[in-house]
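Step one of this worksheet: look at the structure below.
Residue numbers (the working numbering): 11 to 223.
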């Protein structure tokens, strides 16, 4: 039969008391056959070589612990307000959204969808409308995220035509400041009118997702 030895510390002067529970039943506490350190429910410890059933986990996992490619947050912007322009200069629409990255290494996936409208005027045979995503970091100025952000050009043929629009872009703002994305548009040629949304019955949305880097 093995022997249980309780050994005090030669440098310590305190007393450790092992106290039994208030029970009339018999219990067995098994001590592992290993040189180890026991931990208690009131101590702060780091567990190694241990596993916990997933069903026992609660709380929030820190964003820094999530693997690359994980979606850290999603923010949506929606507008039903029509933005109209007859200019060939890039103009801001009413579609905008702001997201604050949790890490500077994160990427921001931007998805824009909805509708646009054009009316060819002045005898024009066609009307083209251009789209771009612009961004602003913090209190800075808006600038296009990159020339490749340009979405489809809708072609309007001497009529009031409503068409779908879509732009998807993966941005790397490299910041933890608030980033604001806005859809910009313009009339590409002709002399008609270009608009995002035809009227309040239509909706355009922009969705941003922070992706762990």
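Every residue, glycine too, gets a C-beta built ideally from N, C-alpha and C.
### Query
On the three-pair Cβ rule with 8 Å, is the segment 183 to 195 touching the segment 140 to 149?
Taking one beta carbon from each stretch, the segment 183 to 195 and the segment 140 to 149 have 3 or more pairs nearer than 8 Å; the two touch.
### Task
Count the C-beta pairs between the segment 49 to 65 and the segment 170 to 186 that are closer than 8 Å, then say yes if the count reaches three, no if not.
no
### Query
First and last residue of the beta strand (DSSP E) that includes residue 66?
Indexing the chain shown from 1 puts residue 66 at position 56. Residue 66 -> no beta strand (DSSP E), and no H or E assigned at all.
### Query
Of the choices 212, 98, 65, whose alpha-carbon is the least far from that of residue 198?
As a working note, residue 198 is residue 188 in the chain shown. Measuring from the Cα of residue 198, the nearest candidate turns out to be 98.
### Query
Would a C-beta distance cut-off of 9 Å place residue 107 and residue 218 closer than the cut-off?
Counting from 1 along the chain shown, the entry for residue 107 is found at position 97. Counting from 1 along the chain shown, the entry for residue 218 is found at position 208. It is a contact, given that the beta carbons lie within the stated cut-off.
### Message
If you measure between the beta carbons of residue 126 and residue 194, is that distance less than 9 Å?
### Response
In the chain shown, counting from the first residue as 1, residue 126 sits at position 116. In the chain shown, counting from the first residue as 1, residue 194 sits at position 184. No, the pair does not count as a contact, with Cβ atoms beyond the cut-off.
### Helix, strand or coil at residue 168 according to DSSP, with G and I counted as helix
Taking the first residue of the chain shown as position 1, residue 168 is located at position 158. Legend: pLDDT at residue 168 = 47, less than 50; position of this residue unreliable, value from coordinates given subsequently. It is coil, neither helix nor strand.
### Task
Pick out whichever of 23, 32, 105, 96 has its Cα sitting closest to the Cα of residue 203.
The count along the chain shown starts at 1 and reaches residue 203 at position 193. Out of 23, 32, 105, 96, 96 has the C-alpha closest to the C-alpha of residue 203.
### Message
Taking the alpha carbon of residue 118 as the reference point, which residue from 12, 216, 21 has its own alpha carbon closest?
### Response
For this step, residue 118 is matched to residue 108 along the chain shown. Per the Cα distances, 216.
### Query
Does the Cβ-Cβ distance between residue 102 and residue 222 come in under 9 Å?
Within the chain shown, the letter at position 92 stands for residue 102. Within the chain shown, the letter at position 212 stands for residue 222. Result no, Cβ atoms of residue 102 and residue 222 do not sit closer than 9 Å.
### Task
Quick one: using the 10 Å Cβ neighbour count with 16 as the cut-off for buried, is residue 142 buried or exposed?
Along the chain shown, one-based indexing puts residue 142 at 132. So residue 142 ends up on the buried side.
### Task
Determine the burial state of residue 41: buried for a count of at least 16 other Cβ atoms within 10 Å of its Cβ, exposed for fewer.
Counted from its first residue, the chain shown places residue 41 at position 31. Exposed, because fewer than 16 other Cβ atoms sit within 10 Å of the Cβ of residue 41.
### Message
Would residue 205 and residue 94 qualify as a contact pair, given that the criterion is a beta-carbon distance under 9 Å?
### Response
To locate residue 205, count along the chain shown from 1; it is residue 195. To locate residue 94, count along the chain shown from 1; it is residue 84. Yes, Cβ-Cβ distance for residue 205 and residue 94 is below 9 Å.
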